[in-house]
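One point on numbering: in my numbering, the residue at position 140 of the sequence shown is 141, and numbering is uninterrupted.
In what follows, a structure is listed as structure tokens, so that the remarks can point back to it.
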Amino acid sequence: MPQPPVERVTVTPIVPRKNVVGHSPEMMNTTPTSVRSFSVGDLQQYTDSFSEENLIREDRLGKVYLAQSSDGKLLEIMKLDNVNSRVPADDFLELVLAVSELRHPNILELVGYCAEFDQRLLVYKYFGKKTLHDILHAGDDPSARLSWTARLEVALGAAKALE
2 MPQPPVERVT VTPIVPRKNV VGHSPEMMNT TPTSVRSFSV GDLQQYTDSF
52 SEENLIREDR LGKVYLAQSS DGKLLEIMKL DNVNSRVPAD DFLELVLAVS
102 ELRHPNILEL VGYCAEFDQR LLVYKYFGKK TLHDILHAGD DPSARLSWTA
152 RLEVALGAAK ALE
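Here's what the structure looks like:
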């Protein structure tokens, strides 16, 4: 199989520039408008109080739970762990705003967030399939692993989404 053409990829970090007092003037008092703000109570209801039965996976940021909204839609709720949930609300909302603008077929769509009571939660559309992490670390089954060419294509695609 021929190698994919090499393209120049420019990645812009999503870390905001801070002014002297530590606030990003363009983001102050800005809440993401393209995604919904959920209450902790709603997310507890959707996940049966974050029950272990609804735990889909756990990663370095926290735990991901299967949720069903009041209108029947399936969602994935990422509950950031204690270390990651200590992010100040303003910084968390900046991250939510940046992630909510990402549009790519290989990136889950962020539909909402929660920043109440020192909780930090991200709400995504339900994916229901294996994650990239699952595929990259497929264990002993060589047929389930991605080829290096496919891995490069995934990396380039993700970089383009961030461009």
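Beta carbons: idealized from backbone N, C-alpha and C, even for Gly.
Just to confirm, is the Cβ distance from S52 to G113 under 9 Å?
For the pair S52 and G113, the CB atoms are not nearer than the 9 Å cut-off.
With H, G and I counted as helix, E and B as strand and the rest as coil, what does DSSP make of Q69?
Here Q69 sits in strand by DSSP.
Can you tell me whether DSSP reads R104 as helix, strand or coil?
Coil at R104, not helix or strand.
Please report the straight-line C-alpha distance between A90 and I108, rounded to a whole angstrom.
Cα to Cα, the separation comes out at about 24 Å.
Is it right to say R121 is buried, meaning 16 or more other beta carbons lie within 10 angstroms of its own, or is it exposed?
Flag for R121 reads buried.
Once DSSP output is grouped into helix, strand and coil, what is the label at Y127?
The answer is coil: DSSP assigns Y127 none of H, G, I, E or B.
Please report the straight-line C-alpha distance between S40 and T150, rounded to a whole angstrom.
Here the alpha carbons of T150 and S40 stand approximately 42 Å from one another.
If you reduce the DSSP assignment to three classes, tell me which class K64 lands in.
Note: K64 maps to strand in three-state DSSP.
Backbone secondary structure at K80 - three-state DSSP
Under the three-state reduction of DSSP, K80 is assigned to strand.
Assuming A116 and L94 are in contact, meaning their beta carbons sit under 8 Å apart, how far apart are those beta carbons, in whole angstroms?
Going by Cβ atoms, the distance from A116 to L94 rounds to 7 Å, so yes, they are a contact pair.
In whole angstroms, give me the CA-to-CA distance for R58 and L75.
Between R58 and L75, the C-alpha separation is close to 15 Å.
Consult DSSP for V88 and reduce its assignment to one of helix, strand or coil.
Correct three-state label for V88: coil.
Selected residue, minimal CA-CA separation from N79, among L153, N55, P106, G158:
It should be pointed out that residue 79 corresponds to Met in this sequence rather than to Asn. Per the Cα distances, N55.
Spatial distance of L62 from A99 (CA atoms)
Going from the Cα of L62 to the Cα of A99 covers about 17 Å.
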